[in-house]
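Chains as they are written, first to last, in the working numbering: chain A, 108 to 470; chain B, 108 to 470; chain C, 108 to 470; chain D, 108 to 470.
Presented below is the structure to which this report refers.
There are 4 protein chains.
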Amino acid sequence: MASTFGKALKFSIFGESHGRAIGGVADGFPPGEKIDETELARFLARRKPGQKGTTPRRESDRIEILSGVYRGKTTGAPLALLIENRNTRSADYEALQDVPRPGHADLAALLRYGESADRRGGGHFSGRLTAPLTAFGGIAKQILERRSVFIGAHLAAAGTISDAPFDAVSPTREALLAPGEKSFPVHDDAAGTAMQKAIFSAAKAGDSLGGIVECCALGFPEGIGTPMFDRIECRLAQLLFGIPAVRGVEFGNGFGAAALSGSENNDPFVRKGKKIVTASNRHGGALGGISSGMPILFRVAFKPTPSIAAEQKSVDLRTGKTAKLCVAGRHDPCVAVRAVPVVEAAAALVLLDLLLSEKKVVF
Amino acid sequence: MASTFGKALKFSIFGESHGRAIGGVADGFPPGEKIDETELARFLARRKPGQKGTTPRRESDRIEILSGVYRGKTTGAPLALLIENRNTRSADYEALQDVPRPGHADLAALLRYGESADRRGGGHFSGRLTAPLTAFGGIAKQILERRSVFIGAHLAAAGTISDAPFDAVSPTREALLAPGEKSFPVHDDAAGTAMQKAIFSAAKAGDSLGGIVECCALGFPEGIGTPMFDRIECRLAQLLFGIPAVRGVEFGNGFGAAALSGSENNDPFVRKGKKIVTASNRHGGALGGISSGMPILFRVAFKPTPSIAAEQKSVDLRTGKTAKLCVAGRHDPCVAVRAVPVVEAAAALVLLDLLLSEKKVVF
Amino acid sequence: MASTFGKALKFSIFGESHGRAIGGVADGFPPGEKIDETELARFLARRKPGQKGTTPRRESDRIEILSGVYRGKTTGAPLALLIENRNTRSADYEALQDVPRPGHADLAALLRYGESADRRGGGHFSGRLTAPLTAFGGIAKQILERRSVFIGAHLAAAGTISDAPFDAVSPTREALLAPGEKSFPVHDDAAGTAMQKAIFSAAKAGDSLGGIVECCALGFPEGIGTPMFDRIECRLAQLLFGIPAVRGVEFGNGFGAAALSGSENNDPFVRKGKKIVTASNRHGGALGGISSGMPILFRVAFKPTPSIAAEQKSVDLRTGKTAKLCVAGRHDPCVAVRAVPVVEAAAALVLLDLLLSEKKVVF
Amino acid sequence: MASTFGKALKFSIFGESHGRAIGGVADGFPPGEKIDETELARFLARRKPGQKGTTPRRESDRIEILSGVYRGKTTGAPLALLIENRNTRSADYEALQDVPRPGHADLAALLRYGESADRRGGGHFSGRLTAPLTAFGGIAKQILERRSVFIGAHLAAAGTISDAPFDAVSPTREALLAPGEKSFPVHDDAAGTAMQKAIFSAAKAGDSLGGIVECCALGFPEGIGTPMFDRIECRLAQLLFGIPAVRGVEFGNGFGAAALSGSENNDPFVRKGKKIVTASNRHGGALGGISSGMPILFRVAFKPTPSIAAEQKSVDLRTGKTAKLCVAGRHDPCVAVRAVPVVEAAAALVLLDLLLSEKKVVF
């Protein structure tokens, strides 16, 4: 398995949904960086289940830092962290062992790893594995913020209901971070209320909803990145597609750009004080894979939670006969909601990795 | 720069648009694989400019294999190939040196690499660098086809005009490969004619058009891939975003899945002979990052060619004053057209790399 | 820091000598492999301090497997393990903080990581970090032994006293594993007794001794490896030099070969049943970086433990004045003794990684 | 095959001894670095055959830079170079195809890659592949020298005859570079004459000799490197063992340290102006894998050229019968002689890679 990511900042995630613990090791955080554990806990709380519109499963998600931090600061040595698994109810899943859940990795895992795979609660495939990723991202965010790089995200859409987008050209830091500070991560609270209604009625019908997360990074220095296979977009997309349920990633105008003409999609260059910037930001902050100095903007599509209470068709692996399936257990009716901080974390990790690989930025 | 990609099959691309030559080295092609040079040339011809709706620049794109092939077969040693640069007209670009082209990497390259970067024709950022990538992909395609894995792509959209999509569940090999054998790579020739009309009128107006390429891999074995950061989607997305002008990548229902409910988006499992398959293919052939045995389906959004003859606003780097710019030179009015084989090549390289990393498949 | 190693089998080590815990994550152990925890504990006990001729510090070294193992078998998911730090006496080291120990990384760590590095007991530089490495190696050994690959090592020299070497051509499995089963890991017990005497008299004089570990891998398949930078020797050397105190690595005749002529050093090929083998084994089991099918043989030189009670010269970092230093704390008078299983572990990890990267071997 | 090496500076080598051309691609040279082609040619000439004591085969070794250099300076884009193969006499080798040469990779290559491997002249295993490596190293040396890092090597031993060693503590830049400027790379010309005599009498007897190359890097900044698996020693050893015929690598006192006591082997710290240095340099410039600021010193053991004219025993692969073999062709009687600049090149590439990975050094 390749549960390892990054270059200057490498991290590795381990654990299974119902195992003893989950966690990770991050190799490359610069030494001497203060870690604000309260802030980190607050950030992690944002992906915690048990909020409105998320799974009732209560994860403590208490993070224990095992190494790499001494007297409150990073040492430069690998930072290992641990999250104990509590309140797991494997019983919910025993029944599923022989009937693969549609839209899930159950069957794929069996084909790939055979009988010995731990498939309880999705095992290593579980969305729960995003907790250590989010923790590392939270640390990366603190390091970036000290260098005036700020990352925010919001739920741009749930099902067919949309939130107001980020200001692509000159978002304020406040507007950027506002959705993350709300119990439901949107700009427009009216839209948020409508989204929650839609999510709950879907849940009530034993169903679920998809959604879109939009993310923006403000203050990322210009001239960072490389052409070819390590463009900012390449790195971000690789990690973002590593988040369970992600089906699409687009930058700037994204798929919309395909329907435009060059004169509509190009961003004219203009002067702004000593710097040269673009008057609009349809490119999403990266040209030729290199940061332009404009806000980095991208959108991530999440499929609806595949675990639904409504009856579905599958096949019983023992008998080979068609089987009806209702997925019990405690699931998010809309994974995109909790995914908002996960996307921010992924962005923070990739952008910090890029800065650390870059000679011009001194740490 | 990270112009190197892959794990079991590593490749590295070099060259500048107006330099002495471009090429690449691929490390990991299995030994003993016959290379059909005629077939390879035919494949490369598909991305060659000078076709209807593409740039008049005539690139010979004659490929010279320098190593790794002996008596017509791969040796297992690194395969190096070379494409001489001919018929370059740097003069077209001299004027641009001081006025960055909107939508291009000119300014980013300057910020990143400084004055010493070779910016003629985009230098290492040029779309021309996709030629060696396509060549390696063409070799990978031949190796995959010998193992009954077939990859096809078509121009799913140009501007606002769409082609008929692939059959997501059971495309025939013929239907899969048909668009690639036409002078204009679509299923529906009427749509193709309309697309070409739209492209030409855009070009005539000194403008360009964006487009979408849809790609499908048939016969890829089930149970290949890994969860987390090396999912099939992660690997494909990383390489696809390495193709110039790509702004979005989506798998299966992609962004469309965000607007659906779980019951609409899940694919029920059914039996088909001894195998278990999905009745529909909204997931796009990968569940949990692992191949499901269904066709692998994804779409890639290309922005309109940023180089347009129409006048645009930019800034003169010497004077710092606003400058008007008309991009001369020979450019594709719709890069997506020539990108079709490039997308196939990228898919072939990633899928072969995955198979080579996988113990179950014997080479 | 790059505390990550491997390709098909990647592992990452974390922790500090006096931190909360040490451990690691290994990504790529094949699924379905039984882990014999008793055997693993016995293997780890071999590097445990508190034996004759080793440090009196008692490490519990109780290993806790956090993930990747389910019902006693590997799942294919990352295997994380933890070893709590107990019985640490940081007080011993407080004094050293300002006076770097000769032969140690104290000053280098300060130069590299600054004040925030955790330097207690060497921090991340500590030999204690070889415990998780040895644990992963012990698991790799079990997997290899199931495929009839056996790895043994012995203390070939301590100071100026030498043990009898391995039979380079056809060692028996018994002879290979014998030293590891003794309380002092040598072939010739008389030599072993002399070595222990020498080690103790050195310790008594407040001094320490260097040593050489010889390692042999039996039954490793022929034709595994690659030329250039991934030769078997390259991989082994990279990991072996990652063990603290290693100053030299040589294969087969090693440095001795430099003094020979080709006719003395070449190994003639002869037939042995259906196979072609070499009559002698001066090459050490690898030709052109690829396994020849003969036993893989190498020697690793360990410097004497730098921590000695005898008075040494150093500099006080606060005053900049010359300082006398006597290193208190509990140290091995000859690290090479405990290093024997660590070298076996390193060999097992590299060889398993090579087999996993190799299509011919099916797991 | 893994013919790719490096992190911040990645390079990849391709080609076969008797193929169309050999070369490589280096990805990561910093932009704006002037390349002195005359100096580079002079450096490459040092590994050229046809000198006293080397093979009469005349390689043009004319290097053609294909990309990554514009107006005499690196651009930051991948630097590709090509060396045409001329004056190859495959006929010499045809006979060997069926009778593997003792001490060579012929049989290993066959086992690994099968019949399709290009085994003429050793194919990709040939020592000729060190030419592009040396070229990249020559460029790295120029970049390092501009930052006052100087690398020199000499033939420390040929067979049983030794040269005077480097001054380990404070070698002058002149003494460091002197051997490289001589036709025979030693400090002590009397020793050099004796070595050449020994080499020639070996050659005359149809035999060959081994040797040792000692290398020293002066002016490398302190505090560069990391503990664990990326120590300076790990990186250097991995690349050095990638040079054909290398059987051993040691740093500082190396294997000699194994026979010493801690008080004999430790280097006391002393003040030198504002810096803290070691009074002696038995550690070889790296403590805990991190540069100490002292000269980096290591020795590399080369086995005698396996290709000898004297009759040797082998097996005919067709008949399976014992076969007598006399290796015709043009071979170095002592590969270590030509290896001196190759070792310097390898050191330069690793040290530059380390500096480029290091935030503190600005390029």
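Where is the CB? At the ideal position from N, CA and C, for every residue including glycine.
For the alpha helix (DSSP H) containing A:Asp213, name the first residue and the last one. Per DSSP, A:Asp213 belongs to the alpha helix (DSSP H) from 213–220.
On the CB-based measure, 16 or more other CB atoms within 10 Å of its CB, does D:Arg219 come out buried or exposed? buried
CB-CB length for C:Asp423 against C:Val256, believed under 8 Å: Not really, about 51 Å apart at Cβ, beyond 8 Å.
For C:Asp483, is the classification buried or exposed, using 16 other Cβ atoms within 10 angstroms of its Cβ as the cut-off for buried? Residue 483 of chain C falls outside the range modelled here, since chain C spans only 108 to 470, and no answer is possible.
Starting from A:Asp296, follow the alpha helix (DSSP H) in both directions and report where the run begins and ends. 296–311
Roughly how many angstroms lie between the CA atoms of B:Pro137 and B:Lys117, to the nearest whole one? 12 Å
Which residues in the same chain have their Cβ closer than 7 Å to the Cβ of B:Leu459, if we skip the five residues on either side of it in sequence? Excluding five sequence positions before and after B:Leu459, the CB atoms of its chain that fall closer than 7 Å to its own CB belong to Leu116, Ala247, Ile250, Leu251, given in chain order.
Could you tell me the distance, in whole angstroms, from the CA atom of A:Ser233 to the CA atom of B:Gly396? Answer to the nearest angstrom: the Cα atoms are 12 Å apart.
Can you find a CB in chain B that lies within less than 8 Å of the CB of A:Thr267? yes
Test: D:Ala308 CB closer than 8 Å to a CB of chain B: The amino acid at residue 308 of chain D is misidentified as Ala; the sequence shows Ser. Closer than 8 Å: no.
Are there 16 or more other CB atoms within 10 angstroms of the CB of A:Thr267, so buried, or fewer, so exposed? exposed
Check whether the Cβ of A:Phe257 lies closer than 8 Å to any Cβ atom in chain B. Closer than 8 Å: no.
Once the 5 residues before and after C:Glu123 are set aside, which same chain residues still bring their CB inside 6 Å of it? Asp225, Gly230, His231
Within the continuous beta strand (DSSP E) that includes C:Thr385, where are the two ends? 382–385
For C:Arg406, which residues does DSSP report across the bridge? Beta-bridge pairing by DSSP links C:Arg406 to C:Glu321, C:Glu357.
Any Cβ of chain B within less than 8 Å of the Cβ of D:Asp225? yes
For B:Arg378, count neighbouring Cβ atoms within 10 angstroms of its own Cβ and tell me buried if that reaches 16, exposed if not. exposed
Does the beta carbon of D:Ser368 sit closer than 8 Å to a beta carbon anywhere in chain C? yes
Which residues mark the beginning and the end of the beta strand (DSSP E) in which A:Arg149 is found? Per DSSP, A:Arg149 belongs to no beta strand (DSSP E); it is in the alpha helix (DSSP H), 144–152.
Any idea what DSSP makes of A:Gly391, helix, strand or coil? Residue state, collapsed to three classes: coil.
Can you list the residues of chain D that B:Thr181 reaches, using a CB-CB cut of under 8 Å? Ser223
What's the call for B:Met108, buried or exposed, on a 16-neighbour Cβ count within 10 Å? In this prediction, B:Met108 scores a pLDDT of 44, lower than 50, which makes its location untrustworthy; no coordinate-derived value is stated.
Taking 7 Å as the cut-off, is the CB of A:Ala298 close to at least one heavy atom of the ligand COA? As far as ligands go, the structure on display features none, and thus does not contain the ligand COA.
For B:Gly318, count neighbouring C-beta atoms within 10 Å of its own C-beta (all shown protein chains included) and say buried if the count is 16 or more, exposed if not. buried
Under 8 Å, do D:Ala446 and D:Gly244 count as touching if we go by C-beta distance? no
Option in D:Leu394, D:Val356, D:Ala417 with minimal Cα separation from C:Ser370: D:Ala417
Indicate whether at least one CB of chain A lies closer than 8 Å to the CB of B:Glu340. yes
Quick check on A:Val449: does DSSP put it in helix, strand or coil? helix
If you follow the alpha helix (DSSP H) that A:Ile246 is part of, which residue opens it and which one closes it? 237–252
Look up A:Ser332 in the DSSP assignment and give the residues it is bridged to. With the sequence shown as reference, residue 332 of chain A is identified as Gly, and Ser is not the correct amino acid for it. Per DSSP, A:Ile397.
Cβ-Cβ distance between D:Asn372 and D:Asn388 below 8 Å: Contact flag unset, no.
Tell whether a beta-carbon distance below 8 Å holds between D:Val407 and D:Val353. yes
Suppose you measure from the CA of C:Val457 to the CA of A:Gly175; what does that come to, to the nearest Å? 26 Å
Give me the DSSP bridge partner(s) of C:Asp439. Beta-bridge pairing links C:Asp439 to no other residue.
Between the Cα of D:Thr333 and the Cα atoms of A:Gly183, A:Lys420, A:Phe409, which residue gives the shortest distance? When each option's Cα is compared against that of D:Thr333, the closest is A:Gly183.
Could one say the Cβ of D:Gly395 lies closer than 8 Å to chain C's Cβ atoms, at least one of them? yes
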